[in-house]
Amino acid sequence: MNEKIYDVVIIGGGIGGLMAAYRLHKNAPELKIAITERGNTLEKRVCFAGKDKTCAHCKICNITSGFAGAGAFSDGKFNLGTAYGGTLGEALGEDVANKFINEVDKILTEYCTSGEPVVYKSNDALRLKCLQNNLRLLDMNVKHLGTDNNYLTMQNLINAIAESGTELYHFYDCEKVEKIDEIYHLTYENNEVLKAKNIIIATGRGGANFVSRFCKDFGVKVRSNHVDIGVRVEMKDIIWREFSSAIYEPKILYKTKTFEDRCRMFCFNQGGLVSAESNRGIITANGHSFAQADKKTENCNFAILSSIRFTEPFDQPTEYAENISRLANMIGNGNVLVQRFGDLIRGRRTNDHRLSQNTVTPTLKATAGDISLVLPHRILTNIIETIYALDKVAPGTANDDTLLYGCESKYYSIRPQFNENFELTPGAYIIGDGSGICRGLSQSGAMGIYVADCITK
Ligand SMILES: Cc1cc2nc3c(=O)[nH]c(=O)nc-3n(C[C@H](O)[C@H](O)[C@H](O)COP(=O)(O)OP(=O)(O)OC[C@H]3O[C@@H](n4cnc5c(N)ncnc54)[C@H](O)[C@@H]3O)c2cc1C
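Numbering (the working numbering), first residue to last: 67 to 523.
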């Protein structure tokens with residue numbers, strides 16, 4: 067057993083945890099700091115998907131878990147503002163949130179050693195075009211590192227943190243936290259126990275159960291958050307090129323006509339690939355793209371998700387979303403489903419034959435099927451209406467051959483109650499996606515820096 071008492075143990079080695087560790091050391095080099103991560107080291111994170119990219123159902127998903135977190139193999143789009151990617155602007159005030167986002171950017175610039183990333187600026191003409199069609203384009207400057215540069219930047223940052231003396235533990239899955247005589251005792255799945263005066267919970271979306279348990283054990287109040295459920299959409303890249311060449315990643319909101327629900331198009335990948343990710347054995351769709359021209363496909367993909375906020379008495383939005391994805395996996399023989407938009411509208415399943423004749427070639431080997439057997443009527447109606455609305459600004463979106471992969475969901479199931487320092491109980495802080503505040507790299511990193519400053523001030 068490790069008998070050392072750390073000043074700070076960070077649980078989770080994603081961008082939030084890494085930025086916190088970096089800043090803690092900068093502010094107070096004498097601090098004893100450790101980062102404990104459920105997954106592997108970054109260089110050993112390898113996806114064991116089969117040759118058709120079918121998920122290998124690893125106990126710990128190398129795509130979402132491990133040092134550098136869920137963003138390790140992402141497209142590396144860093145939002146240089148608060149228009150989307152979380153509600154840090156509301157929590158800290160726009161000026162303070164932007165200040166910390168700029169600091170994340172500065173640190174990344176220091177460690178981004180493989181070329182100057184492209185910065186996409188906001189665009190009035192496209193914003194107007196959307197407004198004229200009842201769509202709201204969320205617009206801000208975005209720095210795009212690309213998957214490869216993002217990976218290298220993260221590796222450089224991790225190396226710098228390790229060299230500064232912060233201890234990095236991989237395959238340390240924190241199961242339980244207790245507080246004995248003002249010291250936190252963290253028990254890991256491998257039976258190790260680490261002790262710390264302060265802890266930072268930076269467990270991301272995948273750590274929802276851990277956060278729930280912590281809140282229950284320490285009597286921290288939580289409130290149910292919303293859940294976003296929908297599909298990953300894939301089509302020819304040229305359809306969205308007017309947008310992607312100008313602003314790189316169109317993020318668009320639509321209020322649906324039938325239910326007046328909020329639907330959002332986001333996580334756009336130009337020339338990208340649809341991917342499958344495994345969370346607690348449930349396979350869902352996602353997407354990414356590479357910066358290099360030779361790795362681009364002729365497709366683009368993005369998510370269309372319908373937001374649902376449950377009211378009393380129901381308070382298990384994550385489980386609800388997981389059950390929908392589980393149903394898709396059941397019908398899809400353990401895999402994500404794929405359906406042509408034309409088949410969905412005609413009320414018939416997509417089969418391998420129709421898929422083989424499709425003009426859009428799927429970039430993920432998914433099971434051809436019928437998404438309408440999985441998604442509830444309300445969500446499906448919202449998605450179809452949104453596709454037709456988007457077709458007005460990017461004609462071709464509602465083509466018969468557009469592919470829908472189901473399901474994709476984003477959940478922020480609980481929002482724990484914390485003080486202005488994101489402190490749950492004295493000495494225990496929460497940052498990043500797991501806090502229910504963030505949904506992106508910049509804001510998660512910014513929260514890490516903010517909390518590090520709170521601990522060392
Ligand atoms: C495919 C994909 C692409 C994305 N692309 C972008 C993008 O381009 N731009 C953007 O802004 N955002 C993107 N995102 C979202 C972004 O990755 C997240 O918002 C961000 O990673 C959140 O950072 P975090 O540190 O809060 O959590 P995470 O990055 O999720 O890190 C949390 C870490 O904690 C570990 N962990 C969880 N529970 C425990 C435990 N009990 N004990 C120990 N360790 C634990 C996990 O293994 C994980 O490594 C993408 C996400 C995905 C999945």
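Cβ atoms here follow ideal geometry from the backbone N, Cα and C, with glycine treated the same way.
C-alpha distance - residue i paired with residue j, whole-angstrom precision
i      : j      : result
ILE77  : ILE246 : 18 angstroms
ASN399 : GLU388 : 16 angstroms
ASP283 : LYS242 : 9 angstroms
SER510 : GLY435 : 36 angstroms
TYR477 : ILE295 : 8 angstroms
ASN395 : VAL402 : 6 angstroms
GLN198 : GLY83  : 42 angstroms
ALA136 : GLU69  : 31 angstroms
ASN106 : PRO383 : 29 angstroms
GLY353 : ASN216 : 15 angstroms
THR102 : ALA455 : 45 angstroms
ILE71  : GLY462 : 60 angstroms
VAL162 : GLY514 : 14 angstroms
ILE304 : GLU364 : 8 angstroms
GLY368 : ILE318 : The residue you asked about is not Gly; residue 368 is Phe in the sequence shown. When rounded, the distance between both Cα atoms is 11 angstroms.
LYS187 : ILE249 : 47 angstroms
PHE139 : ASP190 : 31 angstroms
ILE81  : ALA351 : 22 angstroms
GLU255 : ILE265 : 17 angstroms
THR148 : CYS504 : 10 angstroms
LYS125 : LEU393 : 20 angstroms
THR213 : GLY142 : 6 angstroms
SER150 : LEU204 : With the sequence shown as reference, residue 150 is identified as Tyr, and Ser is not the correct amino acid for it. When rounded, the distance between both Cα atoms is 7 angstroms.
GLY181 : THR219 : 11 angstroms
ALA228 : TYR235 : 10 angstroms
ASP409 : CYS196 : 27 angstroms
TYR314 : VAL185 : 9 angstroms
ARG417 : HIS443 : A small correction: the amino acid at residue 417 is Asn; Arg does not occupy that position in the sequence shown. For ASN417 and HIS443, the distance between alpha carbons rounds to 22 angstroms.
ILE390 : LYS323 : 24 angstroms
Same chain, Cβ closer than 8 angstroms to residue i, five either side skipped, listed in chain order
i      : result
ALA115 : CYS121, ALA122 and ALA342
GLN221 : LEU108, GLU109 and ALA134
ALA226 : TYR88 and TYR177
ASP381 : SER290
Minimum Cβ-Cβ distance from residue i to chain B less than 8 angstroms
i      : result
GLY338 : Absent from the structure: chain B. Only one protein chain is present.
Residues near residue i by beta carbon distance below 6 angstroms, same chain, minus five either side
i      : result
VAL50  : Lying before the first or after the last residue shown, residue 50 is absent from the chain, which here runs from 67 to 523.
TRP306 : CYS366 and ALA460
ASN93  : THR522
TYR320 : LEU201, CYS329, THR452 and ALA455
ASN39  : Here the chain covers residues 67 to 523 and nothing more, so residue 39 does not appear.
LYS362 : GLY337
ASN457 : According to the sequence displayed, residue 457 carries Asp and not Asn. THR463 and ALA464, listed in sequence order.
GLU233 : ALA100
Same chain only: Cβ atoms within 7 angstroms of residue i, ignoring 5 sequence neighbours per side
i      : result
ASN465 : MET301 and PHE407
LEU90  : VAL74, LEU97, ILE99, ALA518, ILE521 and THR522
VAL112 : ASN128
TYR386 : VAL293
GLY270 : GLY78, GLY80, GLY135, ALA136, GLY498, ASP499 and GLY500
PHE309 : LEU192, PRO316 and ALA460
Nearest-angstrom beta carbon gap, residue j and residue i [assumed within contact, 8 angstroms]
i      : j      : result
VAL293 : SER475 : 7 angstroms
MET206 : ASN145 : 6 angstroms
VAL404 : ASP467 : Rounded, the Cβ-Cβ distance is 12 angstroms, inconsistent with contact.
LYS209 : ASP171 : 7 angstroms
ILE267 : TYR495 : 7 angstroms
THR433 : LEU339 : About 17 angstroms separates the two Cβ atoms, so there is no contact after all.
SER311 : ASN335 : Incorrect: roughly 14 angstroms between the Cβ atoms, too far for contact.
SER438 : PHE376 : Rounded, the Cβ-Cβ distance is 22 angstroms, inconsistent with contact.
ILE411 : VAL440 : Not a contact, Cβ separation roughly 16 angstroms.
SER131 : GLY347 : Between GLY347 and SER131 the Cβ distance is about 13 angstroms, and since that is not below 8 angstroms, they are no contact.
- prompt: For the 8 angstroms Cβ check, are there 3 or more pairs between the segment 288-302 and the segment 468-476?
  reply: yes
Contiguous beta strand (DSSP E) assignments of at least 3 residues, all confined to the segment 158-229: 184-186, 201-204 and 208-210
- prompt: Quick one: complete alpha helix (DSSP H) runs, 4+ long, within the segment 279-357?
  reply: 307-313
message: Does the contact criterion of 3 or more C-beta pairs under 8 angstroms hold for the segment 419-430 versus the segment 479-495?
response: no
message: Taking contact to mean 3 or more Cβ pairs, one atom from each stretch, closer than 8 angstroms, check whether the segment 368-379 and the segment 442-452 are in contact.
response: Short answer: they touch.
- request: Note down, one range per segment and in chain order, each beta strand (DSSP E) of at least 3 residues found wholly within the segment 350-425.
  value: Listed in chain order, the complete beta strand (DSSP E) runs (minimum 3 residues) inside the segment 350-425 are 365-374 and 403-406.
Any 3 or more C-beta pairs closer than 8 angstroms across the segment 329-337 and the segment 248-264: Result no; under three Cβ-Cβ pairs closer than 8 angstroms.
task: Evaluate contact between the segment 150-157 and the segment 490-509, counting only Cβ atoms and requiring at least three cross-stretch pairs below 8 angstroms.
output: The segment 150-157, when compared against the segment 490-509, does touch it at the 8 angstroms Cβ threshold.
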